[in-house]
Every structure is written in structure tokens, then in C-alpha cells.
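Enquirer:
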Amino acid sequence: MDVTGSWPAEPRSSRSAAPRGSHGMTRRHALRLLGGSAVAGAVGVTSAGCTPPSTPTSKGDLDLWTFADTHAGWFKEMAKEFEQETGIRVAVSLIPGSSLFQQLLINLKAGGLNTPDLCDIEQGAFGSFLIGRSVPFVDLGPALRQKGYDKQLVTARQALYSWKDGVYGIEHALTPVTLFYLREPWERAGIDPATLHTWNDFGAAVRETFPPRTRGLPLPGHDVMLRQRSGDYFDGDGQVALDSDLSIDTMEWLLDQERRGTLARPPGWITEGLNPAAWAEFRAGKVVSLVSPDWYAGAIQSQADDLAGKWGACPLPAFEPGGRRASCLGGTGLTILKTSKRQDTAWRFLEFSMLRVPAVVKRYKAINLYPPFIPAWSDPRMHDPIPFFDGQDIGALYADVGREVPPQYQSPYRPQLTSQELGPRMLDVYQHKRSAREVFTEVARAVRARMERGGRVG
Amino acid sequence: MGALARTMPSTTDAPAGAHTARRPRSRVRPRWTPYFFIAPFFVLFGVFFGLPTLRSLQLSFYTERGVDTSATFSGLDNYTTLVGDPTFYKGLVNTSYYALGSILIILPLALSLALLLRTRGLLLREFFRLSFFLPNAISGIVVAIVFRLVFDQEYGLLNNWLLAPLGLPKIAWLADPTFIMPSIILLGIWQFTGLNALYFMVGLQNQDPGIHEAAIVDGAGPWQRFRYITLPLLRPTTVFVVTFAIIGSYQLFAQPVALVGEGGGPDRAGLTLTMYLYETAFTNLDLGYGAAIGYAITLIIVVLSVLQMWAQGFFRKEST
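Chains as they are written, first to last, in the working numbering: chain A, 1 to 458; chain B, 459 to 778.
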């Protein structure tokens with residue numbers, strides 16, 4: 001009791017001090033509600049992030065992934081026609097560059113979440129999918145054999161998507177490597193390059209007929225020339241063959257031809273390939289031809305459009321009389337994922353777009369990929385004159401050399417050999433710092449060590 | 459009221475026999491509200507950082523290669539492989555080369571810049587501060603793509619605007635193994651000097667100007683003031699900057715990939731440890747070994763950071 005005689009007020013608690021809203025909620029209650037909502041929101045967002053995005057729900061829909069915008073455009077055309085014919089929708093997604101392969105690997109590793117039904121796989125990345133207990137793609141071999149397609153496809157090209165008796169993809173392109181030549185300097189020299197049947201003939205013609213500073217062509221890739229000689233970095237059993245005598249001899253032959261003045265090394269050629277400085281050499285008449293796959297014509301057109309219409313094409317000179325006059329470079333295969341729940345439908349679309357003459361011809365017209373599907377070769381539309389080649393019937397050339405295109409063998413360690421082991425060391429060979437034998441032996445040893453650590457299918 | 463009422467503690471000075479105050483609570487009720495507010499961060503941190511970190515540590519003791527595989531326990535196999543892996547050592551040497559360049563070139567440059575930007579009477583000070591800091595705000599990939607053009611052997615700015623006028627031969631910055639890492643360091647200088655200068659500027663601003671004035675009165679020259687006052691007082695900032703420079707250097711990834719490719723270029727001269735980790739785990743799908751590389755990088759960063767902190771006297775107790 002205080003001095004005035006009144007009772008002191010009860011001590012005020014924070015609870016009673018809290019302002020009250022008209023509905024009776026205290027500040028503490030409001031803060032708790034806010035905090036709880038924040039937690040619930042965070043959990044919800046996290047959970048939503050863990051669930052896969054919704055897949056197409058209509059019956060029979062397919063998902064197709066590709067990394068090349070030209071392929072995406074063509075697949076969308078095929079998808080329209082397929083839907084008109086079958087009522088089945090195909091959703092085509094473009095995931096540029098190597099992101100597609102890494103995305104697919106990660107999604108497969110996550111148990112097949114959000115994987116497509118069909119997927120374009122570039123040949124350089126295909127080997128990565130052969131590491132593990134099983135290949136994640138459907139073996140198309142039985143279906144191909146059943147319908148006779150195996151005899152209608154260039155077998156050598158299918159080797160890129162084959163592993164241990166399984167065929168896991170259908171190649172888009174034959175990728176015939178032939179000799180592109182600038183018509184004018186060769187006509188001035190009075191030589192038809194198609195009549196130079198061997199590399200010895202070619203070298204002699206260049207050194208004896210052209211001005212001293214002119215070279216026949218830029219150094220071709222070692223792998224391209226090795227395949228022309230029926231070799232490769234891996235053999236048909238997936239064993240490393242980089243350090244074979246044939247491989248080493250091919251590299252030494254290339255360097256010798258450069259030394260003798262047949263082959264050129266334009267500025268930046270070894271590290272960048274064709275670049276503005278290299279094109280300047282072509283324009284200046286210092287280089288008169290190019291070993292090139294069919295699909296590179298588009299790149300030439302975009303990099304040096306002033307030279308379009310001035311090219312001719314002919315078979316490669318052979319290494320020996322009567323020898324192979326073509327090689328191959330690159331490739332992309334269309335695959336069906338084992339995780340697809342619509343494998344039969346996916347096969348129907350694959351057959352529709354890759355194994356019918358009208359579709360294959362349409363693809364050639366749209367994106368200049370000469371097909372490995374042999375029945376299409378005789379279609380008249382494959383023999384239209386090509387302005388880039390000054391009206392030449394390129395289809396006839398490719399049909400002529402098509403069956404000579406060599407195999408390129410696949411391996412789970414192909415990506416590791418080419419980009420991780422050989423690529424960084426190759427400059428030493430071109431710069432004569434180390435011999436081809438030394439480098440190829442070192443690389444082969446490193447890759448065999450990786451193979452011994454294991455991990456490949458089969 | 460008996461004696462009991464008299465002995466009971468009271469929150470007021472009410473006389474005995476009067477109505478007593480409410481009993482104090484025997485147990486304090488926990489306040490949950492603050493935890494609700496900090497919970498979202500910890501939930502997300504746990505899910506996206508904590509769990510993957512622990513899982514990764516576990517994975518480093520397992521062999522898991524390829525798409526369709528299950529992990530098999532392999533003990534220290536991944537770590538013993540790491541010890542004998544020449545590519546790992548290549549990455550370590552390259553990364554350490556960059557880290558040395560970062561610490562010995564970028565940091566002194568940054569400190570010099572910070573001192574310059576604090577010059578009394580400097581015109582357009584804020585403009586210069588913004589200009590030097592802006593490169594750090596640009597994505598590393600974008601910077602690297604632009605620098606690819608700068609380093610181009612035939613048409614690049616560096617060869618044509620700097621070397622050619624001086625009569626020097628063109629350098630294959632991104633094709634010659636000797637020049638690949640210096641190129642990456644040059645890029646780092648352009649991109650990160652401003653940020654580190656900003657850190658040093660903050661450290662300099664926090665120094666008591668009275669100490670410098672007293673030193674001037676005592677006859678100390680500029681170098682003596684810098685050597686005996688500015689630098690020692692800047693030690694906490696220097697420890698911070700060097701630690702982050704080490705961490706950033708050993709985590710370098712985007713810039714070398716964009717400049718020389720995932721493989722690290724000719725002779726793997728641009729291959730860093732994180733690039734090797736990425737290649738092992740996501741290209742070769744050797745997840746166990748990739749995890750082991752990740753933890754090796756972590757250990758290297760921790761050891762180097764602690765060493766430099768010790769060297770700078772960070773753990774020394776100040777005498778009172």
C-alpha cells in the first residue's frame with residue numbers, strides 16, 4: 001500500500017501490454033503467424049524444386065531433345081507431319097551445345113527424372129553414356145534387322161552408335177569427307193583434282209604446277225586421314241589403337257607433307273581451325289583446296305560467303321592406287337531412352353523421320369546432311385545442282401564414295417582420349433617439340449590406365 | 459497472516475498481510491518466434507548445402523562411375539589414386555600459379571589503388587571508384603568471352619595495340635602454354651583489382667587519422683607512416699582480403715573454361731583444380747573420385763588460409 005492508501009496497480013506483463021487488433025490478435029500471435037508462413041513457404045518452395053516439372057499429359061505425346069538448331073527446325077517439321085498422320089504430338093526442345101549431354105547425364109543419374117523419349121547425341125559425347133552397368137538407350141538392332149533397315153544404312157556409320165553388339169542410335173549423316181577445291185586456281189593450272197588418284201599424285205601436282213608459295217591444302221586432321229587408311233583411335237573391340245604403327249605413320253606423313261610444301265599451316269590453323277587469317281590465305285591464292293566433310297559447307301558459307309559458288313568437290317586422293325577415297329568426320333545419332341515410357345511410339349517417330357526417303361531427302365534439302373540411308377541416294381531431289389559448288393551434282397559424288405566411308409569406332413573412353421588426353425598434347429607434335437610416337441604412346445598408356453580402373457559397360 | 463506470508467517474496471513493497479504480487483514463473487516459456495524467422499535460411503542451407511556436403515564426403519569413400527551404377531565402398535582408394543594422379547598435380551600447379559599471381563600482383567595493385575583513391579583533393583573520386591569496381595559486377599563468363607577477343611593472336615587488342623606498336627612479335631596468348639596462365643591472371647587483374655581496392659579503402663577509412671597526424675608531428679615521412687602505421691593497422695583487412703583471394707583462386711572455374719576450353723588448352727596449361735573436378739564428376743561421371751578431388755581442394759584452401767592467417771599474426775594475442 002502506497003502512501004496515498006491506494007493499492008498499487010498490478011505489474012503490467014508484456015502480454016497485457018501488447019496492442020490488440022479489432023479481432024483480438026496480439027502482436028506475438030501476428031509475428032508467429034508470419035514466421036510460420038515463412039517456414040511453410042520455404043518448405044513449399046524446396047519441395048516444389050525437388051519435384052520434376054510436369055510432362056505432357058496428352059496420350060502418346062513424345063519429348064525430343066536436340067542440341068543443334070538446324071536439327072530442331074527439321075524435327076519440328078517432321079513433328080507436324082507426324083502429328084497430322086498419327087495424331088501424336090512431339091515436343092522438340094533445343095538445348096544448345098554440350099549442355100544437353102551433361103543435362104541428360106545428370107537427369108539419368110537422378111534416376112531418369114525429366115528425361116526425354118528421344119535424344120540427339122553427338123558422336124563425341126556418346127562414349128560417356130557407355131560407362132556404367134548398362135547403356136541408357138534402347139538397343140535398336142532387333143528392330144532394324146526385323147525391318148531390313150540394317151542393310152539400308154551404311155554400316156560403317158552405325159559403328160559410331162554401336163557397342164558390344166548393340167545398336168543404340170541412328171546416324172543423321174554420312175559425313176563423307178572429300179576434297180573441296182577452288183575451281184579457278186586449279187583451272188589456271190590446267191589440272192582436274194579428281195584425276196589425282198593418290199596423295200603422291202596430288203603432292204607432285206601441287207609442288208610442280210603451282211607457284212612456290214602455294215600449298216595444296218591446310219593440314220587435315222590426323223584422325224580423318226587415319227580413318228581414310230582404315231585405322232582409328234579405337235578398334236572394333238574398343239581397345240586403344242592410337243599408338244599403332246599406322247597411326248604414328250599417318251601423323252609423320254602429315255608433317256612430312258607439310259615440310260615438302262604440299263600442306264599448309266595457315267595462322268591459327270592448329271588451335272582454331274578455319275579462322276579469318278586462314279580465309280585470307282585462300283583468297284590470296286596461297287591455299288587452293290580443303291579436306292572437308294559435307295556438313296562443313298554451311299560453315300564455309302557463313303565464314304567466307306565471297307567464296308561461295310567458287311568451289312568444286314571430288315573424291316580424296318587415296319594413299320595407294322585403288323585405295324579408299326573418302327573419310328568421315330563428326331556425326332549425330334538419334335536415340336531412344338530406356339527411361340521412356342513410350343518406347344514403341346518413339347520408335348514410330350524415329351522410323352518416320354529417319355528411315356523414310358521423303359523425310360531424309362527433306363532433311364538433306366533443309367540442312368545439307370547427306371544421309372547414310374542408302375535408298376535416298378537415288379532420289380532425283382538428291383541430285384539437284386548446288387550453287388555453293390557452282391552447280392555441281394554433289395549428290396552423285398557422295399553416292400559414289402558413300403559406301404567407302406570408313407567406320408569410326410565408339411568407346412566409353414573416346415571423349416576422354418580426344419579432349420582430355422590427346423587434345424592438350426597434340427600441339428607438341430605439330431610444333432615438333434615431341435614426336436608422334438612419344439605423345440601417342442603416352443596418351444594410349446594414360447587411357448589404358450583409365451580403362452583398367454573400370455566402369456565401362458560390358 | 460502468519461509468518462509464511464511475511465517470508466514470501468513480493469514484487470511490490472506491500473506490507474505484510476496485504477494482497478501479494480503474482481508468483482514469479484517457475485519455468486520461462488521459450489520464445490519460438492525468432493526461430494521461425496531464421497528457420498527458412500537454415501532449412502534451405504541444410505537442404506542445398508549441408509546435406510550435399512555430407513553426402514559428398516560419404517561419396518568420396520565410394521566408387522561410383524557411370525549412369526546406371528550403384529556406389530560400392532572403396533575406402534581410401536579415391537584418395538590414394540589422387541595422390542598418384544599427374545593431372546591433379548597439373549591442376550594444383552596451375553591453380554597455385556594463379557593464386558600467387560592473385561596475391562602478389564592483384565593485392566598490391568588493389569592497395570595502391572585504394573591509397574590513390576583516398577588522395578586528398580582527387581577530382582571525380584566517386585567516378586573512379588565506380589569505374590574500378592564495375593568489372594567485378596560483370597559475369598566471369600562474359601568477361602572471359604570478351605577477353606578471348608582481346609587475346610586473339612591475329613586480331614586481338616593486346617597484340618595489335620600494345621605489342622605491334624612497340625615492334626614486339628605477336629604472342630599466342632591462348633595457344634602457347636607459357637602464356638595461358640599469365641593471360642588468365644591478366645583477366646583476373648582487370649576483373650578483381652577494383653573489388654579488393656574497395657576492401658582496402660574500407661580498412662583505410664577505419665584508421666584513426668589522429669595517429670597519422672601524431673606521426674607527422676613526430677617527423678615521420680610518408681613511407682615511414684605507411685610502413686609502421688598504415689600497414690599494421692590494415693592487418694585485419696589484409697587477412698580478410700588474402701583469405702578471400704586464396705579461396706577465390708582455388709575455386710576459379712568460369713574464366714579459364716571460357717578462355718581455353720574445358721580441357722585447359724594446350725598442355726592443359728589452363729586447367730584448374732575445379733575444372734578437373736568438373737571434368738571428373740560431370741564429364742567422366744566418376745562421382746566418387748570427383749568428390750575426393752573436391753575435398754582435397756577444400757583441405758588445400760583451409761590449410762593455406764590458416765597458414766597465411768598465422769603468418770600475419772592473426773592468432774597472436776595482443777599484449778595489454
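Backbone N, C-alpha and C fix where the C-beta goes; we use that ideal spot for every residue, glycine too. Nothing here was measured: the structure is a model prediction, and the numbers come from that model.
1) Determine the contact status of B:GLY652 and B:PHE591, defining contact as a CB-CB distance below 7 Å.
2) Please list, in chain order, the chain B residues whose beta carbon lies closer than 8 Å to that of A:SER128.
3) Leaving out the 5 sequence neighbours to the left and right, which residues in its chain are closer than 7 Å to A:TYR398 when beta-carbon positions are compared?
4) Show which residues of chain B have a CB atom less than 7 Å away from the CB atom of A:GLN420.
5) Check whether the Cβ of A:GLY21 lies closer than 7 Å to any Cβ atom in chain B.
6) Which of helix, strand or coil does DSSP assign to A:PRO176?
7) Answer with yes or no whether the minimum CB distance from A:THR271 to chain B is below 7 Å.
8) Check the C-beta distance from A:PHE129 over to A:PRO136 and give it rounded, since I have them as a contact under 8 Å.
9) With a threshold of 7 Å between beta-carbons, can B:ALA595 be considered close to chain A, or not?
10) Using a Cβ cut-off of 7 Å, which residues of the region 224-242 of chain A contact any Cβ in chain B, in chain order?
11) Report the three-state DSSP secondary structure of B:PHE531 (helix, strand or coil).
12) For A:ARG27, would you say it is in contact with chain B, using Cβ-to-Cβ distances shorter than 7 Å as the test?
13) Beta carbon of B:ALA655, beta carbon of B:ALA595: below 7 Å?
14) Grouping DSSP H, G and I as helix and E and B as strand, with all else coil, what is A:VAL154?
15) In chain A, which residues lie with their C-beta within 7 Å of the C-beta of B:ASP543?
16) Is there a Cβ from chain E that is less than 7 Å from the Cβ of A:ALA277?
17) Let me know the secondary structure DSSP gives A:VAL291 once reduced to three states.
18) So for B:GLN516, helix, strand or coil by DSSP?
19) Between the C-alpha atoms of A:SER16 and B:ILE496, what's the straight-line distance to the nearest angstrom?
20) Which of helix, strand or coil does DSSP assign to B:TYR753?
21) Pick from B:MET659, B:VAL660, B:THR696, B:GLN682: whose alpha carbon is nearest that of B:HIS418?
22) Within 7 Å (strictly less), CB to CB, does A:TYR168 reach chain B?
23) Would the region 733-752 of chain B count as touching the region 712-720 of chain B if we require 3 or more Cβ pairs under 8 Å?
24) Quick check on A:GLU438: does DSSP put it in helix, strand or coil?
25) Could you round the C-beta distance between B:ALA630 and B:GLN713 to whole angstroms and report it? I think they count as a contact, below 8 Å.
26) Taking B:ASP744 and A:ARG425 to be in contact with their CB atoms under 8 Å, please state how far apart those CB atoms are, rounded to whole angstroms.
27) Identify which residue in B:GLY598, B:LEU575, B:LEU581, B:TYR657 has its Cα closest to the Cα of B:ARG587.
28) Output, in chain order, the set of chain A residues within a Cβ distance shorter than 8 Å of B:VAL525.
29) Using a C-beta to C-beta distance shorter than 8 Å, which residues of chain A count as neighbours of B:PRO488?
30) To which residues does DSSP link A:PHE91 through a beta bridge?
31) Return the chain-ordered list of same chain residues with a C-beta closer than 7 Å to the C-beta of B:THR539, the five sequence neighbours on each side being excluded.
32) What would DSSP say about B:ARG464, mapped onto helix, strand or coil?
33) Can you list, in chain order, the residues of its chain with a C-beta nearer than 6 Å to that of B:VAL551? Leave out the 5 residues immediately preceding and following it.
34) Using a beta-carbon distance below 7 Å, is B:GLU522 in contact with chain A?
35) Using a Cβ-based criterion (distance less than 6 Å to any ligand heavy atom), does B:LEU580 qualify as near the ligand ADP?
36) So with Cβ pairs under 7 Å, would you call A:GLN343 a contact of chain B?
Expert: The structure says:
1) yes
2) THR741, ASN742, LEU743
3) LEU174, PRO176, ASP294, TYR370
4) Correct list: GLY721, GLU737.
5) With a pLDDT of 45 at A:GLY21, under the threshold of 50, the modelled position of that residue is not reliable, and the figure given next carries that caveat. Not closer than 7 Å to any Cβ of chain B, the Cβ of A:GLY21 fails to qualify, so no.
6) strand
7) yes
8) 6 Å
9) no
10) Near chain B, meaning a CB-to-CB distance below 7 Å, no residue of the region 224-242 of chain A qualifies.
11) B:PHE531: strand per DSSP, three-state reduction.
12) no
13) B:ALA655 places its beta carbon 7 Å or farther from that of B:ALA595.
14) coil
15) Near B:ASP543 there are no residues of chain A at all, since even the closest Cβ is about 10 Å away, more than 7 Å.
16) The structure shown has no chain E; the protein chains it does contain are A and B.
17) strand
18) helix
19) Note that A:SER16 scores 43 on pLDDT, short of 50, meaning its location in the model is unreliable; the coordinates nonetheless yield the value given after this. Spanning the two alpha carbons is a distance of roughly 26 Å.
20) helix
21) As shown, chain B starts at 459 and ends at 778. That puts residue 418 of chain B outside it, with no answer to give.
22) no
23) yes
24) helix
25) About 18 Å separates the two Cβ atoms, so there is no contact after all.
26) By a beta-carbon distance limit of 8 Å, B:ASP744 does not contact A:ARG425. Their separation comes to about 21 Å.
27) B:LEU575
28) LEU105, LEU108, LYS109, PHE129, ILE131, GLY132, PRO136
29) Ordered by position in chain A, no residue passes the 8 Å Cβ test against B:PRO488, which lies about 12 Å from the chain.
30) Inspection of the sequence shows that residue 91 of chain A is occupied by Ala rather than by Phe. A:ALA91 pairs with A:ASP63.
31) TYR747
32) In this prediction, B:ARG464 scores a pLDDT of 45, lower than 50, which makes its location untrustworthy; the coordinate-derived value is nonetheless stated afterwards. It is helical.
33) Its chain contains no residue whose beta carbon lies nearer than 6 Å to that of B:VAL551 once the 5 sequence neighbours on both sides are disregarded.
34) no
35) For the structure depicted, the ligand ADP is absent and the ligand set is empty, with no information on it obtainable.
36) By this cut-off, A:GLN343 is not an interface position.
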